[in-house]
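The block underneath contains the structure these notes are about, expressed in structure tokens.
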Amino acid sequence: MRFIVLSICSLSFLFATSIYIDINRTVSPSMIDAYKTLFPATKYLSDNKIKKKILKDKLFASEFLQKEKIDNRLKHSLDLLVTHFLASRYIELVKKSNEPNETVLRSFYEVYKDSLKPPKSVDISTIKVPSLEEADKIYLTLKKDPQKFDQLAREKSKDSQIHYKNVPITFFNPEIREWIRNHKQGDISTPFHIAPFYYIDRIDKIYDTNASYESLLPTMKQLLKNLYISNRLDRLYQQLKEKYQK
Amino acid sequence: MRILFIFIFSVILLRGAPLLSFNPNLQIPKQLQQQIERYWAARMQKKFDISYRYEIPYQQYIYTKGWYMNFFKDAPLFSSAQVKKLVCKKNHCTVGILLKNGDTKLFLYDRWFYVGDRWYHLFRDRALPF
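Here is the structure:
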């Protein structure tokens, strides 16, 4: 009986010692510092408790690393990998807690409303010809009688498709884009050369895009949240890298 | 004696404070002028925790105060500034400021936006490509 009790006691002692040694071997003091930086609420916990938490996270970290493709440069360092994992968990927490409020969104809209506006789109008709002489000839005829555009397009164009509907202006090359921006519905262009053909275009309709605060709200929310998170992540990495370098 | 003491004390205070002046020909909205004065007083004294409060709300949302202070930590020190130019559109003003420190001069354009009921400064960041 005494022998059994003694052996149980010694086994449990060995087990506890091995856990203690394992914890101390695999968790470096810099990782504890990193953990405290990431989760400020843990600063009142004892180092041993934090070590246990880190070990638990390490198990998850291996799963996480399989799912996410981590930068190869980081793969050599377990500490950095765990930090990466912890940071991503931290960001998850941040994601849940912070939504941009009305003032933030309104100010962002005031600054970026023109840039966030979706591109204009147009209905456009085009005549495509192989030589400049022919293009000039058609242009001069159209200058006298713009109504002949459809007829000439059917007769002379090398392309079977003449009318294009609702095309975003970003689709066109910069020269044509500029021309569309500075002209109105019904205007006919001088011949554009896009090798090997020459094109004469007519604007049939301009669709003005909506850039109201309400229409841009989902885009702005997403953009701001992404920036918010990436900035915090960058800052964390900077802080942690400084610590590791020391 | 008391007057002399106050005089000496105020001279000491004023010597340390950076100077911000406005071109008298400019017609600056009063509230904007006040904000520019406070903002640049803080910036010139490198009190970035104060100038942070004047930044536009979306920048305050994206950037933490720590990040902001770190971003400006190497900014040069200026002892005086003069608002030279002002171009205002609907709720947006561009302010041309000349900063001086001894022989060093720097001219820059500052952008201010009226959001809600006050003017906010927009600092140049590179977070967005547009």
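Line by line, the protein sequences give chains A and B.
Quick note on numbering: the first sequence equals residues 1 to 246 in the working numbering.
Quick note on numbering: the second sequence equals residues 1001 to 1130 in the working numbering.
Heads up, the beta-carbon is just placed ideally off N, CA and C, and yes, glycines get one too.
On the criterion of 16 or more Cβ atoms from any shown chain inside 10 Å, does Lys184 of chain A qualify as buried, or is it exposed? As a working note, residue 184 of chain A is residue 184 in the first sequence. Exposed.
Going by beta-carbon coordinates alone, are Tyr1068 of chain B and Tyr1054 of chain B separated by less than 9 Å? If you number the second sequence from 1, residue 1068 of chain B lands on position 68. If you number the second sequence from 1, residue 1054 of chain B lands on position 54. Cβ distance not < 9 Å, so Tyr1068 of chain B and Tyr1054 of chain B don't count as in contact.
What separation, rounded to the nearest whole angstrom, lies between the Cα atoms of Ile1036 of chain B and Pro174 of chain A? Along the second sequence, read from residue 1 onward, the residue named residue 1036 of chain B stands at position 36. Along the first sequence, read from residue 1 onward, the residue named residue 174 of chain A stands at position 174. Between Ile1036 of chain B and Pro174 of chain A, the C-alpha separation is close to 40 Å.
List, from N- to C-terminal side, the alpha helix (DSSP H) runs of 4 residues or more that fit wholly inside the stretch 160-209 of chain A. 174-181
Note down, in chain order, every chain A residue with its Cβ under 7 Å from the Cβ of Thr1094 of chain B. If you number the second sequence from 1, residue 1094 of chain B lands on position 94. By Cβ distance, chain A contributes nothing, its closest Cβ being about 13 Å from Thr1094 of chain B, past 7 Å.
So which of B:Cys1088, B:Met1044, B:Asp1103, B:Lys1100 has the shortest CA-CA distance to Phe1113 of chain B? Residue 1113 of chain B sits at position 113 when you count from the first residue of the second sequence. Phe1113 of chain B has its Cα closest to that of B:Cys1088, out of B:Cys1088, B:Met1044, B:Asp1103, B:Lys1100.
Is the number of C-beta pairs between the stretch 1032-1048 of chain B and the stretch 1078-1087 of chain B that are closer than 8 Å three or more? Enough Cβ pairs lie closer than 8 Å, so yes.
Alpha carbon to alpha carbon, what distance is there between Gln239 of chain A and Lys205 of chain A? Stepping through the first sequence from its first residue, residue 205 of chain A is reached at position 205. Stepping through the first sequence from its first residue, residue 239 of chain A is reached at position 239. Those two C-alpha atoms are separated by around 54 Å.
Determine, for Pro119 of chain A, whether the minimum Cβ-Cβ distance to residues of chain B falls below 9 Å. Against the first sequence, residue 119 of chain A aligns to sequence position 119. No - not a single Cβ of chain B is within 9 Å of the one on Pro119 of chain A.
Under the assumption that Ser121 of chain A contacts Ile169 of chain A (Cβ atoms under 8 Å), give the Cβ distance between them as a whole number of angstroms. Taking the first sequence and counting its residues from 1, one reaches residue 121 of chain A at position 121. Taking the first sequence and counting its residues from 1, one reaches residue 169 of chain A at position 169. Contact holds; Cβ gap of about 7 Å.
Near-chain A residues of the stretch 1057-1084 of chain B (beta-carbon distance less than 9 Å), N- to C-terminal order: Pro1057, Tyr1058, Gln1059, Gln1060, Tyr1061, Ile1062, Tyr1063, Thr1064, Gly1066, Trp1067, Asn1070
Put Arg1033 of chain B into one of helix, strand or coil per three-state DSSP. If you number the second sequence from 1, residue 1033 of chain B lands on position 33. The residue asked about is misnamed: residue 1033 of chain B is Gln in this sequence, not Arg. Reduced to three states, the DSSP call for Gln1033 of chain B is helix.
Whole-angstrom Cβ separation of Pro191 of chain A and Leu142 of chain A, contact assumed at under 8 Å? Translated into positions along the first sequence, residue 191 of chain A becomes position 191. Translated into positions along the first sequence, residue 142 of chain A becomes position 142. Contact flag wrong, Cβ pair sits at about 10 Å.
Helix, strand or coil for Ser7 of chain A per DSSP? Taking the first sequence and counting its residues from 1, the one referred to as residue 7 of chain A is at position 7. In this structure, Ser7 of chain A counts as helix in the three-state DSSP scheme.
Measuring straight from C-alpha to C-alpha, what distance separates Phe108 of chain A and Phe172 of chain A? Translated into positions along the first sequence, residue 108 of chain A becomes position 108. Translated into positions along the first sequence, residue 172 of chain A becomes position 172. Rounded to whole angstroms, Phe108 of chain A to Phe172 of chain A spans 29 Å at the Cα level.
Contact criterion: CB-CB distance below 9 Å. Does Leu1122 of chain B meet it with respect to chain A? Along the second sequence, read from residue 1 onward, the residue named residue 1122 of chain B stands at position 122. By this cut-off, Leu1122 of chain B is an interface position.
Does Phe1048 of chain B come out as helix, strand or coil in the three-state DSSP assignment? Taking the first residue of the second sequence as 1, we reach residue 1048 of chain B at position 48. Of the three classes helix, strand and coil, the one that applies to Phe1048 of chain B here is helix, per DSSP.
Look at the Cβ atom of Gly1096 of chain B, then the Cβ atom of Phe1107 of chain B, and state whether they are nearer than 9 Å. Counted from its first residue, the second sequence places residue 1096 of chain B at position 96. Counted from its first residue, the second sequence places residue 1107 of chain B at position 107. Yes, these two residues count as a Cβ contact at 9 Å.
Run the CB neighbour count on Phe1071 of chain B, radius 10 Å, all protein chains shown included, and call it buried at 16 or more, exposed below. Translated into the one-based positions of the second sequence, residue 1071 of chain B becomes position 71. Its Cβ having fewer than 16 others within 10 Å, Phe1071 of chain B is exposed.
Report yes if the C-beta distance between Lys1105 of chain B and Leu1098 of chain B is below 9 Å; otherwise report no. Locating residue 1105 of chain B in the second sequence gives position 105, where the first residue counts as 1. Locating residue 1098 of chain B in the second sequence gives position 98, where the first residue counts as 1. Result yes, Cβ atoms of Lys1105 of chain B and Leu1098 of chain B sit closer than 9 Å.
Which residues of chain B have a Cβ atom closer than 7 Å to the Cβ of Phe108 of chain A, listed in chain order? Taking the first residue of the first sequence as 1, we reach residue 108 of chain A at position 108. Near Phe108 of chain A (Cβ distances below 7 Å), the residues of chain B are Tyr1058.
With DSSP collapsed to three states, give me the class of Ala1041 of chain B. Here residue 1041 of chain B is taken as the residue at index 41 of the second sequence, counted from 1. Residue state, collapsed to three classes: helix.
Close beta carbons around His163 of chain A, own chain, < 6 Å, minus the five adjacent residues each side: Your numbering for residue 163 of chain A matches position 163 in the first sequence. Excluding residues within five positions, the ones whose Cβ falls inside 6 Å are Ser125.
Just to make sure I have the definition right: I need the residues of chain B whose C-beta is within less than 8 Å of the C-beta of Thr103 of chain A. Which are they? Mapped onto the first sequence, residue 103 of chain A falls at position 103. Ordered by position in chain B, the residues that pass the 8 Å Cβ test against Thr103 of chain A are Pro1057, Val1115, Gly1116.
So who's on the other strand from Lys1111 of chain B, going by DSSP bridges? Within the second sequence, numbered from 1, the residue matching residue 1111 of chain B stands at position 111. The question names Lys, but residue 1111 of chain B in the sequence shown is Arg. Listed as beta-bridge partners of Arg1111 of chain B by DSSP are B:Thr1094, B:Leu1122.
Cβ-Cβ distance between Tyr1120 of chain B and Ile1056 of chain B below 9 Å: Numbered from its first residue, the second sequence carries residue 1120 of chain B at position 120. Numbered from its first residue, the second sequence carries residue 1056 of chain B at position 56. The answer is yes: Cβ separation under 9 Å.
Where Glu1055 of chain B falls: helix, strand or coil (DSSP): As a working note, residue 1055 of chain B is residue 55 in the second sequence. Note: Glu1055 of chain B maps to strand in three-state DSSP.
If we count the other Cβ atoms within 10 Å of its Cβ and call it buried at 16 or more, is Lys49 of chain A buried or exposed? Looking up residue 49 of chain A in the first sequence gives position 49. Lys49 of chain A should be labelled exposed.
Chain B contact for Thr170 of chain A (CB, 9 Å cutoff): One-based indexing of the first sequence puts residue 170 of chain A at position 170. Output row for Thr170 of chain A: interface = no.
Are three or more beta carbon pairs between the stretch 207-225 of chain A and the stretch 102-119 of chain A nearer than 8 Å? yes
Residues near Arg73 of chain A by beta carbon distance below 7 Å, same chain, minus five either side: Within the first sequence, residue 73 of chain A is the residue found at index 73, counting from 1. Its pLDDT being 49, under 50, Arg73 of chain A is placed unreliably by the model, and nothing is read from it.
Can you name, in chain order, every residue of its own chain whose Cβ lies under 7 Å from the Cβ of Lys1065 of chain B, other than the five neighbours on each side? As a working note, residue 1065 of chain B is residue 65 in the second sequence. For Lys1065 of chain B, where only same-chain residues beyond five positions count, the Cβ hits under 7 Å are Asp1049, Tyr1052.
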